[in-house]
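For the record, in the sequence shown the residue sitting at position 337 is 352 according to this note's numbering, with numbers rising by one throughout.
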Amino acid sequence: MRRLFVVFLALLVLVCVAYTVYWNVMASRSGEWVAYWAAPIPGKAWSGTYSATEASGFPFSLDITISDPAVSWQGSGGEAIWQGPELIAKFKPWTLASFSFDLPSQQTVIIDDGYLLRMIRIMMESGTARIAMTDDRATALMARFEGVSAIHQQNQVPLTADLLEIDVREAEGGAAHDAYLLATGVGLPVGLMPPFFQSEVPSAAATLRLWGELSGHGSLASQLEAWRVAGGIIEIQALDVDWPPLDIEAEGTASLDTQLRPIGAFRADVVGYRELLNAMEEMGELERGQAMVAGTALDIMAATGDDGSKRLAVDISIQHGLLSVGPIRVMEVPPVITPEVGF
């Protein structure tokens, strides 16, 4: 019995020594992994720079701290840069099939689209992103950000959110991706807040299936055009927006037309459509006569709930650059991006 115990103890020590050697080998190579990840490679749209790396987390984690990281995306006539004080990548030493990032509390995004240079400062209480890998490609992304604040211009009231969640996973054997997006406690700057609406959006959520994917080559406009030509479609399985006085539940499909304008057909259940029309009139999106005619027509189509509110179950379409609610043309819809934008 004593001999068995000694043998077991010796094996345990051997395993511990072997694992320690293995962990240190992995840690010593971590700098090479980061250098490979950051290096510019022909055909890759982005590259990175950093000042130093440091490995920690022994024994149950391999945490790679990347100091002064900056990631840039190059377009045909523009560029976008993300930078922060540090980025921490966390791996399980016994498998590299998934890893996570801890994002810094302060970040900066610089966007040069060939016309304007924009700088956005982002602050957050916490931010993590987890990526699952299969055959050296990402198959799932789960991200969670809490206490987010973004400022575009100095002295501007920030755009804030209590919580942002993103969950994207491969579906249909990789032909599509399922996505779930959630935002709660979204605070809007005055310039983005329509009249008559609350300054905070309590919650907005969307469940989507995205068919097709962007190539990663060329400008964003050319990638979207290629996605459209290849039959790219977004199935909106559920869209829920609670923004008093507006409450929307919708589902449908969307894509882009030849001018990269949204096209789609949706079925929506809407409370607060009158207030929305009033806000659009106040903002100059609708003329007073248009708002009155649209409101009267929608009142006829709406049903009155037990609480006295008007609830509108209606088909919404976007076609030829026009958004229509039922038979009523409401507003023009511009391209999501113009081909002239360099990024």
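Cβ atoms here follow ideal geometry from the backbone N, Cα and C, with glycine treated the same way. Predicted model, so just to flag it, every value in this text is computed and none were measured.
Classification of residue i by the beta-carbon crowding that lies within 10 angstroms, buried from 16 upward
{"i": "A245", "result": "exposed"}
{"i": "S234", "result": "buried"}
{"i": "E302", "result": "exposed"}
{"i": "A198", "result": "buried"}
{"i": "Q168", "result": "exposed"}
{"i": "Y37", "result": "exposed"}
{"i": "Q171", "result": "exposed"}
{"i": "E297", "result": "exposed"}
{"i": "A309", "result": "buried"}
{"i": "N293", "result": "buried"}
{"i": "R152", "result": "exposed"}
{"i": "A236", "result": "buried"}
{"i": "V32", "result": "exposed"}
Residue j beta carbon less than 9 Å from that of residue i
{"i": "S120", "j": "R145", "result": "no"}
{"i": "E264", "j": "A280", "result": "no"}
{"i": "A191", "j": "L156", "result": "no"}
{"i": "S45", "j": "T68", "result": "yes"}
{"i": "A241", "j": "L223", "result": "no"}
{"i": "E101", "j": "D128", "result": "no"}
{"i": "A112", "j": "A147", "result": "yes"}
{"i": "L203", "j": "V216", "result": "yes"}
{"i": "G299", "j": "M316", "result": "no"}
Secondary structure of residue i, DSSP reduced to three states
{"i": "G287", "result": "coil"}
{"i": "K45", "result": "In the sequence as presented, Lys is not what sits at residue 45; that position holds Ser. Three-state DSSP puts S45 in a helix."}
{"i": "G202", "result": "strand"}
{"i": "D314", "result": "helix"}
{"i": "E302", "result": "coil"}
{"i": "W109", "result": "coil"}
{"i": "A25", "result": "helix"}
{"i": "G188", "result": "helix"}
{"i": "S214", "result": "coil"}
{"i": "V13", "result": "An answer regarding residue 13 cannot be provided, because it is not within the stretch 16 to 358 covered by the chain."}
{"i": "A328", "result": "strand"}
{"i": "R276", "result": "coil"}
{"i": "E228", "result": "coil"}
Cutoff 6 Å; reference residue i; Cβ partners in own chain excluding five residues on either side
{"i": "I126", "result": "A95, R133"}
{"i": "R276", "result": "G336, V348, P350"}
{"i": "F73", "result": "W38"}
{"i": "A220", "result": "L197, D255"}
{"i": "I278", "result": "S270, D272, I333, Q334"}
Paired residues, beta bridge with residue i - DSSP
{"i": "I146", "result": "F114, L156"}
{"i": "A8", "result": "Nothing in the structure corresponds to residue 8, since the chain is present only between 16 and 358."}
{"i": "H167", "result": "H167 is not bridged to any residue."}
{"i": "E180", "result": "R159, L197"}
{"i": "A221", "result": "L196, L254"}
{"i": "G63", "result": "V86"}
{"i": "T68", "result": "I81"}
{"i": "L338", "result": "I333, M346"}
{"i": "A309", "result": "Paired residues: none, contrary to the question."}
{"i": "E101", "result": "S82"}
{"i": "G267", "result": "I251, F281"}
{"i": "S141", "result": "E161"}
{"i": "D151", "result": "DSSP lists no partner for D151."}
{"i": "E94", "result": "Q89, D127"}
Neighbour flag for residue i against chain D, beta carbons, 9 Å
{"i": "E240", "result": "This model lacks chain D altogether, as it is built from one protein chain only."}
Residues near residue i by beta carbon distance below 7 Å, same chain, minus five either side
{"i": "S62", "result": "A53, A54, P55, S87"}
{"i": "S324", "result": "V286"}
Near the ligand FMN: residue i beta-carbon under 8 Å from a heavy atom
{"i": "A144", "result": "Absent from the structure shown: the ligand FMN. Ligands present: none."}
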